[in-house]
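Working notes, structure below.
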Amino acid sequence: MRRSTDRILTTHGGNLPRPADLDALLVDADSNRDAIEKRLPLAVQEVVDKQIACGVTVINDGEYVKAANMGSYTSYIQSRVTGWETLPRDPSAAPKRAGPGERDRRDFPGFYESGLWFAGAGGPVRPGFMTPGNAPKRPATEKVCTGPLTYVGQDAIQGDIDALKVALKGKEDQVEGFIAALGPLSAGAGARNAHYADERDYMMAVAAAMRNEYKAITDAGLIVQVDEPEFATSWMFYPDWSVEQYRDYLNFAVEVINHALDGLPQEQVRFHMCWGSGHRPHVHDIEFRHIVDLLLKVNAQAYSFEASNVRHAHEWRIWEDVKLPEGKILVPGVVGHMTDLVEHPELVAERLVNFASLVGMENIQAGTDCGIGSRVGHEEIVWAKLSAMAEGAALATRRLRGK
8 MRRSTDRILT
18 THGGNLPRPA
28 DLDALLVDAD
38 SNRDAIEKRL
48 PLAVQEVVDK
58 QIACGVTVIN
68 DGEYVKAANM
78 GSYTSYIQSR
88 VTGWETLPRD
98 PSAAPKRAGP
108 GERDRRDFPG
118 FYESGLWFAG
128 AGGPVRPGFM
138 TPGNAPKRPA
148 TEKVCTGPLT
158 YVGQDAIQGD
168 IDALKVALKG
178 KEDQVEGFIA
188 ALGPLSAGAG
198 ARNAHYADER
208 DYMMAVAAAM
218 RNEYKAITDA
228 GLIVQVDEPE
238 FATSWMFYPD
248 WSVEQYRDYL
258 NFAVEVINHA
268 LDGLPQEQVR
278 FHMCWGSGHR
288 PHVHDIEFRH
298 IVDLLLKVNA
308 QAYSFEASNV
318 RHAHEWRIWE
328 DVKLPEGKIL
338 VPGVVGHMTD
348 LVEHPELVAE
358 RLVNFASLVG
368 MENIQAGTDC
378 GIGSRVGHEE
388 IVWAKLSAMA
398 EGAALATRRL
408 RGK
């Protein structure tokens with residue numbers, strides 16, 4: 008991963024808007040497979056070129072390939088790892104953990120009953136999308152580990168890699184490429200284990216399976232972004248835990264994540280965490296100060312995290328007390344997915360200068376809070392946000408170098 012003393016580099020969380028014609032084909036992906044395969048390389052080229060035009064310097068494939076082949080970024084892993092099955096849920100069995108935002112739900116029961124939390128994070132809440140009484144119910148099925156977890160996605164991840172590398176050809180001196188992949192917690196912690204001796208053995212098997220995907224990306228000379236929102240959002244899944252109990256869990260989580268990263272070059276690993284993209288109050292998000300030291304134990308060079316939304320924008324100050332280890336890079340979100348308002352470049356610059364004043368300009372990159380392609384209301388806003396981020400990074404660079 009490039010470090011820069013000349014300018015602040017820019018990147019984003021991964022998910023970007025797809026072309027309307029590709030989305031139309033994905034509505035019936037099985038019937039349109041040939042057309043999708045023909046359209047996909049050009050679509051990836053287009054999204055790479057759009058990122059470059061916006062001034063983004065660490066770019067990806069928009070997560071188009073995963074959407075085209077699996078329908079969903081979060082569920083794609085079940086087509087790449089055998090050993091999980093989707094089975095009917097036993098209605099009499101207690102859930103493995105609570106749902107998203109459970110701590111918030113206890114203080115805002117009316118909001119959750121309305122179903123508005125399910126409507127999304129960034130765009131406008133559509134009238135009539137949810138009404139009281141028809142909020143989402145507990146799913147009728149669940150993911151269960153019923154056999155040994157084995158990675159079989161070699162061809163699929165190679166497809167991701169090939170599409171991005173072709174689109175980057177001739178541009179390697181301008182930009183770096185990254186591919187996002189689910190972290191082991193997000194891939195497996197929510198599933199029931201019905202095969203391994205205990206949860207530790209199960210999660211270590213998840214980590215070992217996921218390592219195959221990460222290694223394929225780094226072997227190709229690309230950056231792997233390990234997407235692990237559950238590093239912070241699991242606090243909501245266990246609403247009766249104390250901070251100390253949660254830290255005990257995260258110590259185990261770090262072991263699992265580092266097992267997944269074993270043997271990989273740290274300079275090609277970026278770790279992303281966030282507090283979830285749900286349209287909800289977020290008043291009970293775990294505070295960054297409680298988990299930042301554990302985050303830094305993850306064997307990655309760069310750490311991407313939310314830093315622009317209204318619950319976490321103030322937390323840049325923790326770096327007054329927390330020393331960033333030598334050689335590490337912070338990728339704070341300086342534009343967000345929680346609002347359709349386009350951040351002013353001056354605000355972006357202010358946020359970046361705040362971080363740089365504490366850890367050094369060469370140790371930061373500008374990022375987004377999370378993936379913004381499916382959360383912001385319209386693709387025009389996404390590209391405007393990325394352009395504002397790049398403009399703000401240039402402003403911050405001039406001010407910091409001027410000092």
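One gets this note's numbering by counting positions in the sequence shown from 1 and adding 7 to each. A virtual CB, placed ideally from N, CA and C, is assigned to each residue, including glycine.
Boundaries of the beta strand (DSSP E) in which residue i is found, first to last residue
i, result
"His351", "Per DSSP, His351 belongs to no beta strand (DSSP E) and is neither H nor E."
"Gly195", "Taken as a continuous stretch (DSSP letters only), Gly195 belongs to no beta strand (DSSP E), being part of the alpha helix (DSSP H) at Pro191 to Gly195."
"His279", "Val276 to His279"
"Asp234", "Ile230 to Asp234"
"Leu156", "Thr148 to Tyr158"
"Thr375", "Gln372 to Thr375"
Where the alpha helix (DSSP H) containing residue i begins and where it ends
i, result
"Gln399", "Sequence inspection shows Gly at residue 399; the Gln mentioned does not correspond to that position. Note, Gly399: alpha helix (DSSP H), Glu386 to Gly409."
"Gln165", "Gln161 to Leu175"
"Thr225", "Glu206 to Asp226"
"Ala260", "Val250 to Ala267"
"Thr12", "Careful: Thr12 lies outside any alpha helix (DSSP H) and carries neither H nor E."
"Met243", "Glu237 to Phe244"
"Pro116", "Pro116 to Ser121"
"Ala31", "Ala27 to Leu33"
Beta-carbon spacing of residue i, residue j below 9 angstroms
i, j, result
"Thr64", "Thr18", "yes"
"Met368", "Ala320", "no"
"Asp234", "Leu189", "yes"
"Tyr158", "Met217", "yes"
"Gly380", "Glu70", "yes"
"His297", "Arg110", "no"
"Ala267", "Tyr221", "yes"
"Gln308", "Gln273", "yes"
"Gly378", "Leu23", "yes"
"Leu107", "Met243", "Note that residue 107 is Pro in the sequence shown, not Leu. Closer than 9 angstroms, so yes."
"Ala223", "Gln165", "yes"
"Gly20", "Gly283", "no"
"Ile293", "Leu337", "no"
"Cys152", "Ala201", "yes"
"Val349", "Ile325", "no"
"Pro236", "Cys281", "yes"
"Gly399", "Leu359", "yes"
"Leu32", "Ala42", "yes"
"Leu271", "Asn306", "yes"
"Val173", "Val51", "yes"
C-alpha distance - residue i paired with residue j, whole-angstrom precision
i, j, result
"Glu414", "Pro339", "Outside the shown range of the chain (8 to 410) lies residue 414, about which nothing can therefore be said."
"Ser86", "Asp167", "14 angstroms"
"Gly140", "Arg287", "Summary for Gly140: the model assigns pLDDT 47, below 50, so the residue's position carries little reliability, and this model does not support an answer."
"Asn361", "Arg408", "14 angstroms"
"Gly129", "Gly384", "Residue placement at Gly129 is flagged as unreliable, the pLDDT there being 38, under the threshold of 50; the coordinate-derived value follows with that caveat. If I take the Cα positions, the gap works out to 6 angstroms."
"Lys330", "Leu365", "9 angstroms"
"Pro26", "Glu53", "9 angstroms"
"Leu171", "Arg254", "37 angstroms"
"Asp13", "Arg277", "21 angstroms"
"Ala180", "Asn67", "According to the sequence provided, residue 180 is Asp. The question's Ala does not apply to it. Those two C-alpha atoms are separated by around 15 angstroms."
"Lys225", "Gln161", "One detail in the question is off: residue 225 reads as Thr in this sequence, not Lys. So the alpha carbons of these two residues sit roughly 14 angstroms apart."
"Val132", "Cys61", "At Val132, the pLDDT of 40 sits below 50, so the modelled position is not reliable and the matter cannot be decided from this model."
"Leu192", "Asp247", "20 angstroms"
"Ala397", "Ile388", "14 angstroms"
"Arg405", "Leu229", "29 angstroms"
"Glu386", "His344", "12 angstroms"
"Phe295", "Asn39", "45 angstroms"
"Glu44", "Ala36", "10 angstroms"
"Leu94", "Leu47", "32 angstroms"
"Ala163", "Glu327", "43 angstroms"
"Thr346", "Thr148", "32 angstroms"
"Leu29", "Leu175", "20 angstroms"
"Ala401", "Val355", "10 angstroms"
"Val250", "Glu92", "33 angstroms"
"Ala74", "His279", "20 angstroms"
"Leu257", "Val317", "25 angstroms"
"Lys178", "Ile186", "16 angstroms"
"Gly154", "Ser121", "39 angstroms"
"Glu357", "Ser11", "19 angstroms"
"Asp241", "Val34", "Rather than Asp, the amino acid found at residue 241 in this sequence is Ser. For Ser241 and Val34, the distance between alpha carbons rounds to 32 angstroms."
C-beta neighbour in chain D for residue i, strict 9 angstroms
i, result
"Ile298", "In the displayed structure, chain D is absent; only one protein chain is listed."
>> I want to know whether the segment 256-272 touches the segment 195-214 - three or more CB-CB distances under 8 angstroms.
In response: yes
> Counting only runs that start and end within the segment 49-110, where is the alpha helix (DSSP H) found for 4 or more residues in a row?
Replying inline: 71-77
>> For a minimum of 3 consecutive residues, which ranges assigned as the beta strand (DSSP E) are wholly contained in the segment 276-360?
In response: 276-279, 309-312 and 336-342
> Given 8 angstroms as the limit, is there contact between the segment 57-71 and the segment 386-393, that is, 3 or more CB pairs closer than that?
Replying inline: yes
> Is it true that the segment 91-105 meets the segment 191-202, where meeting means three or more beta-carbon pairs spaced less than 8 angstroms apart?
Replying inline: yes
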